[in-house]
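Residue numbers (the working numbering), protein chains in the order written: chain A, 715 to 1021; chain B, 44 to 360.
Heads up, the beta-carbon is just placed ideally off N, CA and C, and yes, glycines get one too.
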């Protein structure tokens, strides 16, 4: 196990270097960060040249990348458009988005798997068909539509929650945005666990467990569920990347000042240090999450061994 | 919604068929009785599946609208004088079913003409990701060894960038988006998903008995790959590609909604929703109708993919 983790971490190094270089390349090769600083006005050539030199923009791209990475590992992510260090933005934004994503993942797992198990055990019955149709509809409605709809219904019409989230972004305020963020993934988790349960419920080991007189809830939770969870866990690992992208839309709807908000501001203002910094961190989060998912396999299925 | 561009639908139930159909096809050619190939089974199955029939009818209708929008509306949203500011935010009426937007443009005509862009984005992106993913996946799956390691590592680098996030980045840096650039960018970021599925399916199929049988009969490497492994490995890829059609249409709408996808005067449902959203409370019709078309289109493609999955997957029969 320990050796496997180390090997995987080492494998992550080239992936990390490659993907951060790609991001760096996209931002610096496609956009012009200096022109963006001046907005619509044409920059004064001398000033522009000085900024270029300060930001090492006159160096070849690979050297810029090395300089940038060197700075990152010393905790220097550059400065945002308003002169604030990017690390400060991160310190205020990441806890908020972390809470939002956690709320979303918990909702996704608890509600999604419960619905999936119920649906899978009742395969072919009206309840199952109804849930399947419902999940399809949920998947098809874009977040920016469902988000506005739920905000309108719960926040404006019935007044159950405040339509926009305050700057502290407390957990209870994040429940509705969390639901909106989780909605599509929730539907996928339901469908995945339903398929998996429906397949495994006919397996020999379930019949054996029932035959030896185990209570029903134990058969379901200990035997059936555990064996059916691997595809769901795989999905949730990949889904963390999707949730980070989705947070941009969700945070915009509910005016949450998290990672998605900062990233969107950085992109709108063409502020390269903010964008590259935030995306770099998100890529690391994504890579680590997928490593954790791979390790979870062994917990769920002891036949999987890591050597 | 668009989050799912990177959210893979790599269900365990993705069919990796083991039916030796293609291997025996040649021998049964002269006989009139039914050829029990995976694909003919699936076709028969689909014809009795109401999910497939409903989605097929919807998609057919959408394709006709996309190809010939002029059949459904007499207006031309790109013509001068199409929008009349005196009609600004007029609600739906008998003559104008979907009402007018802020600029006084007829929403029905714009929604109809927006279909084409959405369909183009979905089809183009899905075809490109499938092509790249399949070719590389075949190569990596068939040639285990250093080539597989090389291609797989290269893919991991791309896979580490979530599609929505990367797309946002590139589109914002480019500054201008249109149907083709949005599709290309999503394709560049989205192919690793199909690569993974294809490579996995090829590796599973490679070890099957019918491949060994074909080899024993003297089939060459190229023939085994194209005639035996490819048709069987293609099943899970086709399922995911079909579902992705809907996912990419939804993603384009999200990019346009954020203001970095398709730009005005080009028409995109996402852009229309974004335009109408400020007045959602007083004039919901501006958001309602494009949202409805968008959701139904995405739903149709996802339903089609699901129906194809059910037909190709022998496990749940």
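Please confirm whether residue i has its beta-carbon closer than 8 Å to some beta-carbon of chain B.
i: residue 728 of chain A; result: yes
i: residue 862 of chain A; result: yes
i: residue 856 of chain A; result: yes
i: residue 850 of chain A; result: yes
i: residue 826 of chain A; result: no
i: residue 739 of chain A; result: no
i: residue 859 of chain A; result: yes
i: residue 1009 of chain A; result: no
i: residue 866 of chain A; result: yes
i: residue 962 of chain A; result: yes
i: residue 783 of chain A; result: no
i: residue 925 of chain A; result: no
i: residue 834 of chain A; result: no
i: residue 873 of chain A; result: no
i: residue 733 of chain A; result: yes
i: residue 968 of chain A; result: no
i: residue 853 of chain A; result: yes
i: residue 1005 of chain A; result: no
i: residue 1018 of chain A; result: no
i: residue 958 of chain A; result: yes
i: residue 797 of chain A; result: no
i: residue 993 of chain A; result: yes
i: residue 955 of chain A; result: yes
Just to check my reading of the structure: residue i and residue j have Cβ atoms closer than 8 Å, yes? What is that Cβ distance to the nearest angstrom?
i: residue 1011 of chain A; j: residue 944 of chain A; result: 6 Å
i: residue 211 of chain B; j: residue 996 of chain A; result: Rounded, the Cβ-Cβ distance is 11 Å, inconsistent with contact.
i: residue 741 of chain A; j: residue 989 of chain A; result: 6 Å
i: residue 147 of chain B; j: residue 127 of chain B; result: 5 Å
i: residue 152 of chain B; j: residue 237 of chain B; result: About 36 Å; that fails the 8 Å criterion.
i: residue 898 of chain A; j: residue 853 of chain A; result: 6 Å
i: residue 813 of chain A; j: residue 883 of chain A; result: 7 Å
Quick one: what's residue i bridged to in DSSP?
i: residue 143 of chain B; result: B:149
i: residue 220 of chain B; result: B:305
i: residue 793 of chain A; result: A:799
Between the options, which lies nearest to residue i when the distance is taken from Cα to Cα?
i: residue 150 of chain B; options: B:328, B:342, B:284, B:196; result: B:328
i: residue 192 of chain B; options: A:1018, A:1016, A:725, A:850; result: A:725
i: residue 187 of chain B; options: B:221, B:301, B:134, B:246; result: B:246
i: residue 963 of chain A; options: A:1018, A:862, A:887; result: A:862
i: residue 303 of chain B; options: B:346, B:216, B:267; result: B:216
i: residue 325 of chain B; options: A:932, A:870, A:906, A:853; result: A:870
i: residue 181 of chain B; options: B:277, B:124, B:189, B:230; result: B:277
i: residue 168 of chain B; options: B:228, B:274, B:249; result: B:228
i: residue 175 of chain B; options: B:145, B:233, B:258; result: B:233
i: residue 727 of chain A; options: B:124, B:196, B:100; result: B:196
i: residue 858 of chain A; options: A:946, A:1004, A:969; result: A:969
i: residue 205 of chain B; options: A:736, A:793, A:716, A:768; result: A:736
i: residue 331 of chain B; options: B:144, B:89, B:112, B:264; result: B:144
i: residue 952 of chain A; options: B:83, B:235, B:92; result: B:235
i: residue 340 of chain B; options: B:300, B:86, B:160, B:130; result: B:160
i: residue 112 of chain B; options: B:261, B:334, B:347, B:155; result: B:155
i: residue 164 of chain B; options: B:296, B:350, B:342; result: B:296
Let me see if you follow: with CB-CB separation under 8 Å, is residue i close to chain A or not?
i: residue 354 of chain B; result: no
i: residue 295 of chain B; result: no
i: residue 320 of chain B; result: yes
i: residue 240 of chain B; result: no
i: residue 155 of chain B; result: no
i: residue 213 of chain B; result: yes
i: residue 300 of chain B; result: yes
i: residue 196 of chain B; result: yes
i: residue 289 of chain B; result: yes
i: residue 74 of chain B; result: Because the pLDDT at residue 74 of chain B is just 48, under 50, the model does not fix this residue reliably, and the point stays unresolved.
i: residue 216 of chain B; result: yes
i: residue 350 of chain B; result: no
Is there at least one non-hydrogen atom of the ligand PLP closer than 7 Å to the beta-carbon of residue i?
i: residue 256 of chain B; result: This structure does not include the ligand PLP; it has no bound ligands of any sort.
Report yes or no: do the segment 238–251 of chain B and the segment 315–331 of chain B share at least 3 C-beta pairs separated by less than 8 Å? no
Inter-stretch contact (C-beta, 8 Å, three-pair minimum) for the segment 292–302 of chain B and the segment 114–132 of chain B: no
Touching by the beta-carbon criterion (3+ pairs, under 8 Å), the segment 728–741 of chain A and the segment 182–201 of chain B: yes
Three-pair Cβ contact test at 8 Å for the segment 809–824 of chain A versus the segment 897–904 of chain A: yes
Count the CB pairs spanning the segment 915–927 of chain A and the segment 781–789 of chain A that are closer than 8 Å, and state whether there are at least three. no
Any contact between the segment 931–942 of chain A and the segment 968–985 of chain A? By contact I mean 3 or more CB pairs, one from each, below 8 Å. no
Using 8 Å as the Cβ pair cut-off and three pairs as the minimum, do the segment 347–355 of chain B and the segment 276–290 of chain B touch? yes
Cβ contact check for the segment 860–879 of chain A and the segment 911–921 of chain A: 3 or more pairs under 8 Å: In short, these stretches do not touch, since the Cβ pair count stays below three.
At least 3 beta-carbon pairs within less than 8 Å: the segment 105–115 of chain B vs the segment 130–146 of chain B: no
Between the segment 220–227 of chain B and the segment 305–313 of chain B, can you find at least three pairs of beta-carbon atoms closer than 8 Å? yes
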